[in-house]
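See structure below.
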Amino acid sequence: MNPFSSGTRLRDMIRAIRACKTAAEERAVVRKECASIRAAISEDDPDYRHRNLAKLMFIHMLGYPTHFGQMECLKLIASPGFPEKRIGYLGLMLLLDERQEVLMLVTNSIKQDLNQTNQYIVGLALCALGNICSAEMARDLAPEVERLLQFRDPNVRKKAALCTIRIIKKVPDLAENFINPAAALLKEKHHGVLLTGVQLCTEICKVSTEALEYLRKKCITGLVKVLRDLTNSPYAPEYDISGITDPFLHIRLLKLFHVLGHGDADASDTMSDILAQVATKTETNKNAGNAILYECVATILSIEDNGGLRVLAVNILGRFLSSRDNNIRYVALNMLMKAIALDSQAVQRHRATILECVKDPDASIRKRALELVYLLVNESNVKPLTKELVDYLEVSEAEFKGDLTAKICSIVEKFSPEKIWYIDQMVKVLTQAGNYVKDEVWHALIIVITNAPNLHGYTVRALYKAVQTAGGQETLVRVAVWCIGEYGEMLVGNSGMLDVEERINVTEADAVDVIETAIRCHSSDLTTRAMCLIALLKLSSRYPSCTKRINDIILQQKGSLVLELQQRAIEFNSIIERHEKIRSALVERMPVLDEATYSGRRAGSVPAAVSTSQGALPKIPNGVVKPASAALVDLLDLSSDADQAPSSSGGDYLQDLLGVDLAPASQGTNQTDKRGADVLLDLLSIGAPPAQSSSSMLDMLSSGQDNKSAVGMLDNLASPSAPSAQASSPGASSSMMDLLDGFGPSPSVPETNGPTYPSIVAFESNSLKITYKFSKEPGNPQTTIIEAQFVNKSPDIYSNFVFQAAVPKFLQLHMDPASGNILPESGNGSITQKLRVSNSQHGKKSLVMRMRISYKANDKDVLEEGQVNNFPRGL
Amino acid sequence: MIHFVLLISRQGKVRLTKWYSPYSMKERSKVIRELSGIILNRGPKLCKFVEWRGYKVVYRRYAGLYICMCVDHDDNELEILEIIHHYVVILDHYFGSVCELDLIFNFHKAYYILDEILIAGELQESNKKTVERLIDAQDLLEEVAEEDASSVNHIIAQASKNK
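Chains as they are written, first to last, in full-length UniProt numbering: chain A, 1 to 875; chain B, 1 to 163.
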């Protein structure tokens, strides 16, 4: 005999493992056992198979790999004896899950066992099937299970019923076969069968409307009678739970009523009496009774309107809410969320209690209560509710602050009656929990501030005060720094005082102190420091007396290891020292940011964004058209959220905000000093405009947009040296080149248009033809510009023409608005639309695209779909 | 439906796991780690429900053992508490005042009993007596089969000795 395979008994192995003092010892024992089990497996020794599998299961529970035992389960299941099958099925359920291939091998054994006469073996097979069956097995074995629903022994029938639940969850199409046998189970007297039959019917109703109608017609009165008999039944010890007979059956019946009564007035009417009886007569001093009541409330709230019952239900929830048992309070809060949709007045009555629950020591209750409060808020109660929440923010636990802050911000944003209140609340939140505030929230705050000109002074003073007390909240610091940069003179001059304000005396040096502290603070991150530098630059012109000091602070960043900060410091230093003349124009106040565009972009699905940008295009003040903004992202956050920023559309707005402040500046310089604009271009290494149109930055930006090269140019914004060398044209004044501290002008690289590509017919049907023309941006081989042309081949005019396209992940797609949405008949005109595709796998993979075209022809909606695989290679 | 059942000791040792929804082995150990971290750290007075990954975990503590069931968001949490207790009452009756050691050395029995109470994450039997009767009947079948086997072995051994 193999020296390993004799093995120890299961009990001895467990003892040995428990006796281990260290994890290493345990691993050694397990390794030894596993070795001997493997040896036994390879010898195919049937005597110890049973015991070995039991050991493996124990080892599995300890978290060790036991995949090598899977086949042993199958062997045990296939053996004829009951003990082997019992442990084999147990191992199957524990060691395998439905996704493993091995499972397919067991289908046949299960099928045989389902056809056995021994009810216990049938029971084992049904149990295993119910717990792990996959869709394939469900299809293969459904006929057997259906037959077993009529098996002579009730214990098999109930197992078959639950097994059926699993089968129809895996393959809903099979549900129809089971409607009749399932309905037959509802007439059973055996509680187990009735219980499982009711559950099965509930599940079938969820997937089959046919079953739902059938049960509503045929079974509902019978079920009402079952529930009535159950509630009135005398004491039965084997079903009794704290004085109630079979609460489980109560609850399952109520769940079925929930489904049957939902959306059907007749059915709801039939069950209303018994629901009222359950709701009023159930004992509530034990959990079992409360469980029934809770389910009853859920059912009442879901069935068709019956005023009396709803009042009853909400009253029960009110009683639950004032319970001392945390479990009961939790479920009350949970159910009130559903009740609020039906009767918000009734729920509002409990507002004070719910608000108390937000402050509960129990995290689960707090979370529920907070969700509920969020639903309770409306225009009339937003102020007191927000006050409560903000007050609580101060004392709440750290891990709850994140949720709470998010909710407060959302409430404030949604319901704020006036801007000053909004700003006040946000300053409070930032002061208490600024570190938990998400980026889009403080970005939104800045937008609101810029849009409230009469509150600029008030806001900057409030923020200044807040920063004095809560300088550790980074988000607060950012907003404050931004506002001080923009409205610094209002802070010092106390201008724009509101009646409610007290005067404060802030000197210019105090304001600069705030920013200096922020930029020096070791915990400040790149974004904050970059914002500080911009603010300093702005203040250098607003506070002439501090210019020297500001310049010193900026100079300290000259040695920063972060390229972004270093570059800003050097460039800003140049502006301050050498360009006194243009500085004040350069650092003028930011133009007002458009709220509608911002919120539109935050809503941000792609088609929506396309349409908003189309609509809002003229409104954006500085001439930067939307697609450019994504590229501007780099400007602010070179490293930290480079990968995340493009996806969060809210986020990049602020990047615009900080990035594009060079645009208005150029507007100013435009009139005063054309050469200044060129200087600025070089300074920020944007790349010079084409020589012939080097008149103004604005032109440059918009013309850049027109050539579709804005992205390329703006990409260069962030990188300090190379791009300027590449793109600066000799037309740029060389005298100013020294600004770049040594990056001399280099001969311009002639623009190459790259290879040309043949146009293709991307899609052609009887009614529509789409052709693609391709071009490349110079210097950006990854990006292809596609001009799509749509031609109508039918004799009908198409209206509401919409073209949508989708690309795999390695591609990025930007679509410009189409030239129109009406397509004249028979090729009498066309629509064009520009698409820009960036291929991150350029040179490795070629483009593919799927598209969907919808339009209205002859008042009928038409949808066409296609895939484009015939792109020229090398795009 | 119940997605899984866990029995975890106060020390974080797993005593029983039953999965009714597909979780890969890797996910399973992650789930166990995550949940034992959350549940073992909750104070005794708090409610017995934890919201977790869009599900709810309902648990009950018996001496050093936590029994947890993960259910859908719209399931009846109070009923799950009763199901847990139902299971424990039957275990208690079967083992005769059950303790953690019973569940360690006879873990397979604990599984067999659970399989008579739950299938596919749904409740199978509300009658405690029926469950006990079914388990006893199957245990008896097993004993009879083992006795048969050992007597056969005995005869074979005798016969080979006499040779």
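We put the CB at the ideal spot given by N, CA and C, even for glycine.
Just so we're clear, the structure is a prediction, and the values are computed from it rather than from any experiment.
Beta-carbon gap between B/Cys68 and B/Ile113 smaller than 9 Å: no
Any C-beta of chain A under 9 Å from that of B/Gly37: no
Residue interval of the alpha helix (DSSP H) (run including A/Asn180): 179–185
Contact with chain B by A/Gln345, beta-carbon distance below 9 Å: no
Candidates B/Ala63, B/Lys48, B/His154, of which the one nearest B/Glu100 by Cα: B/Ala63
Counterpart residues of B/Met69 in DSSP-defined beta bridges: B/Val5, B/Val58
Cut-off 8 Å between Cβ atoms - residues of its own chain near A/Tyr458, not counting five sequence neighbours on either side: Ile420, Ile423, Gly496, Met497, Leu498, Glu501
Sequence-distant residues of the same chain with beta carbon closer than 8 Å to A/Val226, five excluded per side: Leu186, Leu194, Leu253
Buried or exposed by the 16-neighbour rule on C-beta atoms within 10 Å, applied to A/Gly687: Interpretation of A/Gly687 is limited by its pLDDT of 39, a score under 50 that renders its predicted location unreliable; the figure taken from the coordinates is listed afterwards. The residue is buried, with at least 16 neighbouring Cβ atoms inside 10 Å.
Residue-level contact to chain A via CB, B/Arg15, 9 Å cutoff: yes
A/Tyr89 beta carbon less than 9 Å from that of A/Ala125: yes
Cβ-based neighbour list, A/Leu256, same chain, cut-off 7 Å, excluding 5 preceding and 5 following: Val198, Cys201, Thr202, Leu223
Alpha-carbon spacing of A/Val481 relative to A/Glu418, whole angstroms: 24 Å
Cut-off 7 Å between Cβ atoms - residues of its own chain near A/Asn800, not counting five sequence neighbours on either side: Asn821, Tyr855, Lys856
Exposed unless 16 or more other CB atoms sit within 10 angstroms - verdict on A/Gln841: exposed
At least three beta-carbon pairs within less than 8 Å, the stretch 836–853 of chain A to the stretch 796–815 of chain A: yes
Buried or exposed by the 16-neighbour rule on C-beta atoms within 10 Å, applied to A/Pro247: buried
Exposed unless 16 or more other CB atoms sit within 10 angstroms - verdict on A/Gly243: exposed
Simplified DSSP assignment, three categories, for A/Ala470: coil
Inter-residue Cα distance where the pair is A/Asn2 and A/Arg9: At A/Asn2, the pLDDT of 36 sits below 50, so the modelled position is not reliable; the number obtained from the coordinates is stated separately. Distance between the alpha carbons of A/Asn2 and A/Arg9 is about 16 Å.
Residue-chain proximity (B/Lys30, chain A), Cβ-Cβ < 9 Å: no
Secondary structure of A/Ser36, DSSP reduced to three states: helix
Check whether residue 199 of chain B and B/Val58 have beta carbons under 9 Å apart: Nothing about residue 199 of chain B can be read from this structure; chain B reaches only from 1 to 163.
Of the listed residues A/Glu210, A/His191, A/Arg157, nearest to A/Asn177 (C-alpha basis): A/Glu210
Of the listed residues A/Asp305, A/Gly318, A/Asp273, A/Asn306, nearest to A/Tyr294 (C-alpha basis): A/Gly318
Spatial distance of A/Leu739 from A/Arg583 (CA atoms): Only weak support is given to the placement of A/Leu739: the predicted model assigns it a pLDDT of 41, under 50, and the value that follows is read from those uncertain coordinates. Distance between the alpha carbons of A/Leu739 and A/Arg583 is about 15 Å.
Cβ contact check for the stretch 118–133 of chain B and the stretch 142–157 of chain B: 3 or more pairs under 8 Å: no
Short Cβ contact (9 Å threshold) for A/Met335 with A/Leu301: yes
Three-state secondary structure (DSSP) of A/Arg366: helix
Assigned exposure category for A/Glu84 - 16 Cβ within 10 Å defines buried: buried
Close-in-space but distant-in-sequence residues of the same chain around A/Val506 (CB under 7 Å, 5 per side omitted): Tyr464, Leu491, Val492
Interfacial residues, the stretch 78–109 of chain A to chain B, with Cβ spacing under 8 Å: Gly81, Phe82, Pro83, Arg86, Ile87, Leu90, Met93, Leu94, Asp97, Glu98, Arg99
Bounding residues of the beta strand (DSSP E) (the contiguous stretch that carries A/Phe763): 760–764
For B/Asp148, three-class secondary structure by DSSP: helix
Whether A/Val412 touches A/Leu376 by CB criterion (9 Å): no
Member of A/Ser323, A/Asn131, A/Ile316, A/Thr771 whose CA lies at the smallest distance from the CA of A/Val868: A/Thr771
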